Amino acid sequence: MDVWGDEEPGQLAKIKRDHTNAGYLDGITRSKEQSLQGGFDEGYPEGAAMGLEVGRIIGYFQGQGLRDIEKKAFDELSEASLFNSQYYNADATPNFQGTHPLIKKWQDRVQSFNV
Numbered sequence: 001m002d003v004w005g006d007e008e009p010g011q012l013a014k015i016k017r018d019h020t021n022a023g024y025l026d027g028i029t030r031s032k033e034q035s036l037q038g039g040f041d042e043g044y045p046e047g048a049a050m051g052l053e054v055g056r057i058i059g060y061f062q063g064q065g066l067r068d069i070e071k072k073a074f075d076e077l078s079e080a081s082l083f084n085s086q087y088y089n090a091d092a093t094p095n096f097q098g099t100h101p102l103i104k105k106w107q108d109r110v111q112s113f114n115v
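The letter at position 38 of the sequence shown is residue 38 when you use the UniProt record's numbering, and the numbering goes up by one with no holes.
In C-alpha cells, the structure reads:
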C-alpha cells in the first residue's frame, strides 16, 4: 500500500508482479538443482558400473588383437547408443531389467570367444 500517495497503482502492480516472478524462478531453480543432484546421486553408480564393463569388453577384443570387432564394440557401446531413448523411459528410468541389453549382447560375444 502507498502510504504517501505518490506511487501509482500500476507501479505497485509491477513491483508485485516482479517479486512474484522472482520467487517463481527461484523456486524452479532450487527444485531443478535438487532434482538433478538426486538423479546424479542415483545414476552415477550405475553409469560407473556400465563404463567399467564397456571398458572390459573393449579391452578384451583389443587384447586379442581383434581390431574390427573392437571397433564395432566401441561404436555400439558408445554413450549415445547406451543412453538411447529406446532403453530408457521419459523419466530416465531404464525400461530393461538387469544388465543393459547392448552390454549383455557384447558380454555374450566375449563369452563365445572363451568357449
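Glycine is no exception: its CB is placed at the ideal position from the N, C-alpha and C atoms. Note that the structure is a prediction, hence the values are computed from the model and not measured.
Assigned exposure category for residue i - 16 Cβ within 10 Å defines buried
i   : result
V54 : buried
D96 : Note on residue identity: the sequence assigns Phe, not Asp, to residue 96. Per the 10 Å Cβ criterion, exposed.
T52 : The sequence shown places Leu at residue 52, not Thr. With fewer than 16 Cβ atoms within 10 Å of its Cβ, L52 is classed as exposed.
Y44 : exposed
F61 : buried
Where the alpha helix (DSSP H) through residue i begins and ends
i    : result
D68  : R67 to E76
V110 : P101 to F113
Whole-angstrom distance between residue j and residue i, CA atom to CA atom
i    : j   : result
A48  : Q11 : 54 Å
E76  : I15 : 55 Å
V110 : D68 : 14 Å
K72  : Y87 : 19 Å
S85  : G98 : 17 Å
K105 : D91 : 25 Å
D108 : T93 : 24 Å
Strand pairing of residue i, partner residues [DSSP]
i   : result
P94 : Y88
Rounded Cβ spacing between residue i and residue j (contact assumed at less than 8 Å)
i    : j   : result
F83  : I58 : 17 Å between Cβ atoms; not a contact.
L102 : S81 : 6 Å
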